[in-house]
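Respectively, the protein sequence lines represent chains A and B. Number 124 in my numbering belongs to position 124 of the first sequence; there are no gaps in the numbering. Number 1343 in my numbering belongs to position 343 of the second sequence; there are no gaps in the numbering.
There are 2 protein chains.
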Amino acid sequence: MRTSIATVSLSGSLTEKLDAAARAGFDGVEIFENDLLASPLTPEEIRARCADLGLTVDLFQPMRDIEAVPEDAFARNLRRARHKFELMRRLGAGTVLVCSSVSPLAVDDDALAAEQLSRLADLARDCGVRVAYEALAWGRHVSTYDHAWRIVESAGHPALGTCLDSFHILSRSSDPKDLEGIADIPGEKIFFLQLADAPLLAMDVLQWSRHYRCFPGQGGFDVAGLLRHVLATGYDGPLSLEVFNDVFRQAEAGPTAVDARRSLLVLQETVGRAPLPAPVVPTGVAFAELVTPDAEPLTALLGALGFTRTARHRGKPVALWEQGDARILVNTGPVVRRDGTRLAAIGLESPDPAAAAQRAEALLAPVLPRRRAPGDAPLDAVAAPDGTELFFCATGRPGLPDWRADFEDTDREPAPAGIRRIDHVALTQPWHHFDEAVLFHRGVLGLHGKESVDLADPYGLLRSRAVTNADGSVRIALTVGAAPTDDTVHAQHIALATDDVIASARRFRDAGGALLPVPANYYDDLAARFELPDGELETYRDLGILYDRDAHGVFLHCYTRTVGRVFFELVQRDDGYRGYGAANAPVRLAAQHAVRALTGG
Amino acid sequence: MRTSIATVSLSGSLTEKLDAAARAGFDGVEIFENDLLASPLTPEEIRARCADLGLTVDLFQPMRDIEAVPEDAFARNLRRARHKFELMRRLGAGTVLVCSSVSPLAVDDDALAAEQLSRLADLARDCGVRVAYEALAWGRHVSTYDHAWRIVESAGHPALGTCLDSFHILSRSSDPKDLEGIADIPGEKIFFLQLADAPLLAMDVLQWSRHYRCFPGQGGFDVAGLLRHVLATGYDGPLSLEVFNDVFRQAEAGPTAVDARRSLLVLQETVGRAPLPAPVVPTGVAFAELVTPDAEPLTALLGALGFTRTARHRGKPVALWEQGDARILVNTGPVVRRDGTRLAAIGLESPDPAAAAQRAEALLAPVLPRRRAPGDAPLDAVAAPDGTELFFCATGRPGLPDWRADFEDTDREPAPAGIRRIDHVALTQPWHHFDEAVLFHRGVLGLHGKESVDLADPYGLLRSRAVTNADGSVRIALTVGAAPTDDTVHAQHIALATDDVIASARRFRDAGGALLPVPANYYDDLAARFELPDGELETYRDLGILYDRDAHGVFLHCYTRTVGRVFFELVQRDDGYRGYGAANAPVRLAAQHAVRALTGG
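Here it is, written out as structure tokens:
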């Protein structure tokens, strides 16, 4: 199916928007009138630019407050329309969007609306264009798609059809029954289809629409359900995204356009119209890779955590540290800032690495070179939206390229010290691309998105959302700061699973490791809230262990100090416990700020 | 009256919050439990810190989900309460806030609620504290203040009273009648009063409360009306601010605390409880002062606009440029960055400059030295929240210090060239302090706040709100960028009023001035929307004049290029026209971006 995007969905000048849409692979665009008005290009130049970029101009939008008005007002509207139809001719736009009126002049008279829209369509036909009439959810007299269709139907004009917009329809009702009326519309009378999702907010629908729309799959609407109904009519026009979103308005147009098209690909797959390679859900975390300009602090930290340096890369300054099934690569290769220790890559165990990479590529993930150096095992890898490299791994599986083969064992054997595996990794996301990150991990990796939670940092609210596979063996917590500037403040971390967090924390401390100190007030509160076994609370207090409980189990966790942007967490998770200790996040974040204030870091 | 603020209203660590509250002059604080839990200070240390800062601990908050639960659950709640009352003793907090339950365990049984709250109050009394019971707007069974009061009344316990919260009351009803029940509560049974305002949003009340509260006078609630009712009961406890706001969470605590206390001072004045010096509303703009590292570009610009350099400062490198009643000072004194041309000060004609400054000082505006140098006229001036210096002027009025007296005339006479006066100045505000700026200009200067409008910049939505005096002779447009980082991108500007914008623009261009080019598409749209007299449109197109119309009149305006952060606007305003050409802002902003892209500025 052809895909299109409204220029209002993207940030920047009109030419930036067109370039971004084309680069992301869209077939066409809706030209939002204000973008055209503000552009120094003439309509002919815009048309030529689109043609050069391989974009069709699928829609010109919007025309407002046209129908069901007194005759003198309608005469003025026709005059305005004549100008706009002439503009569309110059622009090469064949269809115009007419929104149901919100004008105080409009009367509740379907016959008049049909008659005037018919006259508008006469004029449109004479100018070689056609009119797509859409019900705004807040239209004065026409606010539902079936009402708009009844008017279009009664007008019975070949140049007049309807436009369906998922936001206007789904914001008014989430009842699947209310979509059944779509079947009454002949596909050829649906002149256009605009798609947008939105988070489920209880708020004024106009504000909701103008500021909070998002791309399909990023909100709570059943956009796929609606699309199925529309496709069943035989509609064969473009799937077009029209998203008003305050954050996207500020974000770089390029990544937003990629995010947008990825959302349409996933949506098409959901309704059986995109032959994408099937998702290959990862089955575990093979490794996490840290890059650092100075291995010393990490070496000390990993040693104290009980990790052993078991192998080194044959061709690069990369060491493998192991404990149980937890594997950390420490890479001193890439040039980074002195404070630049960071989590650069994650290895994901994949049932079929090549297929996983093919799906990622089909969903517009940048593919990384399979072989970094001659002699390296060829590895499939892509970049996530935040730049983290995701390797699709087949650790120790015969017949498949193995990253481990690039490593030469040291003479040291792993000495198990309580840590079993990586419980989760937490990645701070660029502020403008949080929704994109969640959709990427769901669509590309086939992970499930969990609930979004607010975390109160002393200096602003953070938002966090985890994506996981079904058995919880892959968990990634995506977090975004309070403001666009905050991404350097909040660290990434690796949470290590242990069956006995007390023992692991003690061993770490005894080996010289410094645990994040937790205020005594926190433990007084624990004592108030829970009746813990004798001595337990004192042990937690001594080690800085935090405690959380949900309906299914207990979660115990503590934190190391931060190196560069990275810290470690030790977690002991009851099987049933579903969360990540969000209730304790304010205390942890405040403690980390306090340490930073002390150390000036 | 005593004033207090909840620590949750301010950003930072607990000690930062306390310091900021004390510096702003609050008498006490509400300690928000999470702030205490995250603090490394013991309750005793917090108590001592507050004492050192002259702050009382007026409230500890909140305790949740206490009442109307099965006996075993209530026993656990009492156990929890005992811990918290002990904590309050250590903290020196005499009152605890208990919010009406949202627990699924709670039953709809007022008698049980009263009985359990009474038992809680027994325990409180034994611990030397008292309980203030408050209805959350989203409480499970108790969600109105009168319902909470009925329960408190029927409990009849001396250590149990009610807490009134303006958000929880006014978010449920804006009907003044619904406040009349407050009169039924004896003042001594109102144990606490929490005040917050909020913008009038149609949204889920919990989200509204958690993210969008603001200080009284910054939203749409009649907080003063509520306060009058409460004071009429004889309530003599503190007025305390409890504001959950995503922006304040990120902002510097110091300015937020000042903003908070200013809002309470204005509120107290509104209800006749703060003997502030009366507002002295400015009657005109005496001058606008630009500072620049290089006078040359501004000299060329002002010359082309028809200004004449009529005087120079006797002691400083400041030139006065005049035309009609428009006066611009060009100051090359202060060291600034090379691109740092900016609007540094505004002179406001004041009926009583000394009284105006006294009010400003009483409302916590930083007072600037009256005399900058020996020999200078003593001038009353304060700093606005964005750092702009506001001079209260008495230009040419005998018996009052006159800024003009510091200037020595050049031999040049003003040569009137169409510009009559400064129509408005537009100031970009720091992102985190937009609400503060509006309240400052209203409270301190006695200006009226107009409606807030969104302006679509190509790279994000801006928000703008004008403040004016009654006759429109003082108009200041306050604008805030799309994100915290954007304040350097968006310029300040001075709009100059002319009776004939076409003539003024022509004269400017003929004198070598460069007007902001406006896209041809904009004029095609004007032609579609309005039937303008013959030739008019061509003239606008030729000069880059923008056109707007409201129910009361027409607004014509055009723009100069930008120097540093400053540009000028020429405006021709029909008397009745109320706005600032917001409809044209997207075109203007895009054109300015286009120029910047061309010039690399």
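Heads up, the beta-carbon is just placed ideally off N, CA and C, and yes, glycines get one too. None of the values given here were measured: they were computed from a predicted structure.
- If you compare the alpha carbons of 1057/B, 1341/B, 1326/B and 1324/B with that of residue 1332/B, the shortest gap goes to 1341/B.
- Apart from sequence neighbours up to five positions away, the residues of its chain that approach residue 1389/B with a beta-carbon distance below 7 Å are 1344, 1345, 1368, 1381 and 1383, ordered along the chain.
- In this structure, the straight-line span from the alpha carbon of residue 1565/B to that of residue 1291/B is close to 11 Å.
- At a cut-off of 8 Å between beta-carbon atoms, residue 1552/B makes no contact with chain A.
- Between the region 59-74 of chain A and the region 37-45 of chain A, the count of Cβ pairs shorter than 8 Å is below three; the stretches do not touch.
- With 16 or more other CB atoms across the displayed protein chains lying within 10 angstroms of its CB, residue 1171/B is buried.
- For the pair residue 537/A and residue 528/A, the CB atoms are not nearer than the 8 Å cut-off.
- Non-local C-beta neighbours of residue 27/A in its own chain, meaning closer than 6 Å and more than five positions away in sequence, comprise 2 and 3, ordered along the chain.
- In this structure, residue 1020/B places its C-beta atom within 8 Å of the C-beta atom of residue 1257/B.
- Residue 436/A is classed as buried because its beta carbon has at least 16 other beta carbons within 10 Å across all chains shown.
- According to DSSP, residue pairing for residue 393/A in a beta bridge involves 349/A.
- The continuous alpha helix (DSSP H) containing residue 1088/B extends over residues 1071-1091.
- Residue state for residue 1454/B is assigned as strand, using DSSP reduced to three classes.
- By the Cβ-count criterion, residue 1207/B is exposed, with fewer than 16 other Cβ atoms from all chains shown falling within 10 Å of its own Cβ.
- The C-beta of residue 63/A comes no closer than 8 Å to any C-beta of chain B.
- Taking the beta carbon of residue 1246/B as reference, the chain A residues within 8 Å of it are 460, 461 and 482, listed in sequence order.
- Around the C-beta of residue 405/A, fewer than 16 other C-beta atoms lie within 10 Å, and the residue is accordingly described as exposed.
- CA-CA distance, residue 1279/B to residue 23/A, rounds to 58 Å.
- Within the same chain, and ignoring the five residues on either side of residue 240/A in sequence, the residues whose Cβ sits closer than 8 Å to its Cβ are 3, 4, 5, 6, 28, 30, 58, 59, 192, 193, 194 and 195.
- DSSP, read as helix, strand or coil, puts residue 1469/B in coil.
- Chain A has no Cβ within less than 8 Å of the Cβ of residue 1559/B.
- Straight through space, the alpha carbons of residue 1464/B and residue 1363/B are spaced by roughly 24 Å.
- Of the residues assessed, residue 1177/B falls on the exposed side of the cut-off, its CB having fewer than 16 other CB atoms within 10 angstroms.
- Between the C-alpha atoms of residue 1348/B and residue 1470/B there is a straight-line separation of about 14 Å.
- In this structure, residue 1502/B sits near residue 1539/B, with a CB-CB distance shorter than 8 Å.
- Among the CB atoms of chain B, one or more fall inside 8 Å of the CB of residue 586/A.
- Within the region 248-271 of chain A, 249 and 250 place their CB atoms closer than 8 Å to a CB of chain B, listed in sequence order.
- Under DSSP, residue 464/A takes part in a beta bridge, and its partners are 453/A and 479/A.
- Judged by pairs of C-beta atoms under 8 Å, the region 1301-1317 of chain B does not touch the region 1246-1255 of chain B, as fewer than three such pairs exist.
- When 8 Å is used as the limit between beta carbons, residue 522/A is near these residues of chain B: 1037 and 1038, in chain order.
- Under the three-state reduction of DSSP output, residue 1218/B falls in the coil class, being neither helix nor strand.
- In the structure shown, the three-state DSSP call for residue 1119/B is helix.
- The three-state reading of DSSP puts residue 1099/B in strand, counting E and B together.
- Judged by DSSP in its simplified three-state form, residue 1441/B adopts helix.
- Within the model, the alpha-carbon separation for residue 1088/B versus residue 8/A is close to 54 Å.
- Nearest Cα to residue 508/A within the set 568/A, 351/A and 461/A: 568/A.
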